[in-house]
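Using my numbering, the letters of the sequence shown correspond one by one to residues 0 to 448.
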Amino acid sequence: MSVRVRFAPSPTGFLHIGGARTALFNWLYARHMGGQFVLRIEDTDAARNSQEAVDVILNGLRWLGLAWDEGPMTGDATGPCRGERGPYFQSQRRENYEKRVEALLSHDLAYERDGAIRFRMKREATVFEDLIVGEVRRELTDREEKDPDFVIVRSDGKPVFHLTNVVDDLEMGITHVIRGEDHLSNTPKHIALFEAFGVPAPHYAHIPLILNPDGSKMSKRDAGASLHTYLEEGYAPEAVLNYLSLLGWSPKDNREMLPVKEMVDLFDLPGVLRHNARFDLAKLQWMNGQYMAQLPGDRFHELCVHTLAKAGYDTNTYPLEYVKGALDTCYGKLKTFAELPAYAGFYFRDTVEFEPEAEEKAFTKENRPLLQRLREVYAGMEKWDVGHLEAKLKNTAGELGVKVGALVLPVRVACTGSRVGPSLYHLLEVIGREVALARLDGALARMPV
Ligand code: GLU
């Protein structure tokens with residue numbers, strides 16, 4: 000039987016990294032087993048629902064590259080996510096729940112009391128084999144021995160989580176429920192519902208929680224708890240994905256840097272650890288650094304272009320070769336993509352924006368004749384390339400009797416507006432003779448005589 004798993008988040012407006020990890024483990028298991036990964040938005044609580052809250056989930060998963068496999072065709076067949084299917088929304092599946100409740104009522108497996116519908120829970124302990132936790136035994140509490148029944152439809156007609164979750168898992172043919180350990184206590188109820196519907200329950204695999212470095216349970220408010228922090232701070236998604244995979248899982252040889260393809264090859268449920276995982280921001284930052292330095296060039300460009308677009312720079316208006324050349328000068332220089340607009344924005348602006356402090360340091364009276372002379376030399380250069388730009392600048396410094404740095408600073412600030420940035424000779428080559436000379440002229444005009 001082919002594996003079918005699902006990620007079933009409620010749209011709370013927030014994608015916790017624990018949720019992202021649950022999604023990842025489901026996705027990895029599906030890919031590893033050649034199965035299907037279903038995304039189901041558990042949005043029966045209409046009060047909290049909004050398109051924004053759903054988008055937070057979808058965009059988080061897209062950013063991580065966790066594509067879901069099926070669902071109704073989405074409206075726009077020509078939009079940016081062309082061909083993307085799904086997800087399923089519980090709010091659109093109400094009829095299914097109603098039918099199932101009718102069936103339970105007609106078999107006396109559920110009954111009405113005070114306007115609510117209650118499920119007749121079995122009066123005995125539940126024992127099941129969890130694929131991660133092992134054997135789970137759940138005795139009834141004293142209170143439950145008297146009345147273990149629970150509400151499946153509230154008096155206002157709203158179906159309750161336990162019901163909708165089980166009905167969907169059943170009707171979607173889910174074979175493995177991989178979810179956070181916080182749901183372990185719900186599982187006896189869910190298994191009883193499956194039994195009542197006369198269908199064997201899926202396999203369960205409850206993933207240990209993610210804790211803060213100090214061992215406390217990680218909640219919404221804790222630093223680094225939201226996946227979107229990493230998206231906004233410009234982390235490489237592959238780094239975040241790799242880091243998440245190690246929160247509660249470890250390949251047998253204890254390797255840490257794992258490209259997604261290898262994660263898929265190696266992932267298996269028995270490899271999920273049984274103890275809680277500790278979140279370690281320093282390690283995630285380290286891993287991000289490793290990925291930033293090793294991303295394939297094309298992928299680096301893609302993520303750069305995306306970051307620049309978000310910051311308001313439309314790289315599409317420049318020739319592709321220019322964009323590539325510009326971004327190549329940033330490769331290996333960034334800790335996160337969020338640094339890119341400040342680092343390389345000058346490539347994609349018509350005018351230079353000068354940092355006041357850089358201008359003050361570089362555009363001095365003494366530097367004026369130096370820059371003036373270099374401008375002349377550069378204007379007369381035959382070949383405008385890194386080698387010649389460097390040699391000429393160094394010659395000119397010698398000729399003027401100043402250190403190389405004394406020339407580098409004003410040229411850099413003239414062309415970029417900043418004291419930090421890509422290698423000077425490389426960036427000069429990229430912006431080209433015409434722009435470079437115009438920027439030197441612009442700087443000279445700002446320098447005191
Ligand atoms: N909507 C539930 C949650 O977000 C889903 C639990 C499950 O995966 O079964 O916690």
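The C-beta atom is built at its ideal place from N, Cα and C for all residues, glycine as well.
Measuring straight from C-alpha to C-alpha, what distance separates residue 256 and residue 241? Against the sequence shown, residue 256 aligns to sequence position 257. Against the sequence shown, residue 241 aligns to sequence position 242. Their backbone Cα atoms lie some 7 Å apart in a straight line.
Alpha helix (DSSP H) segments (min. 4 residues) lying fully within the segment 184-229: 186-195
Output needed for residue 187: all residues of its chain with C-beta closer than 6 Å, excluding positions within five of it in sequence on either side, in chain order. What you label residue 187 is simply residue 188 of the sequence shown in a count that begins at 1. 125 and 137, listed in sequence order.
By how many angstroms is the C-alpha of residue 251 removed from the C-alpha of residue 64? Stepping through the sequence shown from its first residue, residue 64 is reached at position 65. Stepping through the sequence shown from its first residue, residue 251 is reached at position 252. Their backbone Cα atoms lie some 24 Å apart in a straight line.
Nearest to residue 379 by alpha carbon, out of 93, 432, 362 and 39? The sequence position of residue 379 within the sequence shown is 380, counting from 1. It is 432.
Considering only residues of the same chain and omitting the five flanking positions on each side of residue 78, which have a CB-CB separation below 8 Å? Within the sequence shown, the letter at position 79 stands for residue 78. At residue 78 the pLDDT is 45, less than 50, meaning the model places this residue with poor confidence and gives no usable figure here.
Assuming residue 179 is part of the beta strand (DSSP E), what are its boundary residues? If you number the sequence shown from 1, residue 179 lands on position 180. Segment 175-179, the beta strand (DSSP E) holding residue 179.
In the DSSP assignment, find the alpha helix (DSSP H) that holds residue 289 and state where it starts and stops. Residue 289 sits at position 290 when you count from the first residue of the sequence shown. Unbroken alpha helix (DSSP H) run through residue 289: 280-293.
Can you list, in chain order, the stretches of the beta strand (DSSP E) that have 3 or more residues and sit fully within the segment 32-62? 35-40
Segment contact, 8 Å Cβ cut-off, at least three pairs: the segment 358-371 with the segment 404-420: yes
What residue range does the beta strand (DSSP E) around residue 109 cover? Within the sequence shown, residue 109 is the residue found at index 110, counting from 1. Membership of residue 109 in the beta strand (DSSP E) is indicated by the continuous run 109-112.
Sorted by chain position, which residues of the same chain lie with C-beta nearer than 7 Å to residue 438's C-beta, five sequence neighbours on each side aside? Residue 438 sits at position 439 when you count from the first residue of the sequence shown. Here the set comprises 351, 413 and 414.
Which residue comes first and which comes last in the beta strand (DSSP E) that contains residue 255? Indexing the sequence shown from 1 puts residue 255 at position 256. Element bounds for residue 255: n/a, residue is neither H nor E.
Can you find the residues in the same chain that come closer than 6 Å, C-beta to C-beta, to residue 302, ignoring five residues on each side of it along the sequence? Counting from one through the sequence shown, the residue named residue 302 turns up at place 303. Once the five neighbours on either side are set aside, the close Cβ partners of residue 302 are 336.
Spatial neighbours of residue 445 within its chain, please: CB distance less than 6 Å, with the 5 preceding and 5 following residues excluded, ordered by chain position. The residue given as residue 445 occupies position 446 in the sequence shown. Counting only Cβ-Cβ distances below 6 Å, and skipping sequence neighbours, we find 362.
If you follow the alpha helix (DSSP H) that residue 306 is in, where does it begin and where does it stop? Translated into the one-based positions of the sequence shown, residue 306 becomes position 307. Per DSSP, residue 306 belongs to the alpha helix (DSSP H) from 296-309.
Say the cut is 7 Å; is the CB of residue 204 nearer than that to a heavy atom of the ligand GLU? Stepping through the sequence shown from its first residue, residue 204 is reached at position 205. No, the beta carbon of residue 204 sits no closer than 7 Å to any heavy atom of the ligand GLU.
Out of 154, 149 and 171, state which residue places its alpha-carbon closest to the alpha-carbon of residue 161. Counted from its first residue, the sequence shown places residue 161 at position 162. Nearest option by C-alpha distance: 149.
According to DSSP, simplified to helix, strand and coil, what is residue 248? Residue numbering aside, residue 248 sits at position 249 when the sequence shown is read from its first letter. The answer is strand: DSSP assigns residue 248 an E or B state.
Cβ contact (3+ pairs, closer than 8 Å) linking the segment 313-325 and the segment 375-392: no
Near residue 231, what residues of its chain come up, given a Cβ to Cβ distance below 7 Å and the 5 sequence neighbours on each side ignored? Counting from 1 along the sequence shown, the entry for residue 231 is found at position 232. Excluding sequence neighbours, residue 231 sits near nothing in its chain.
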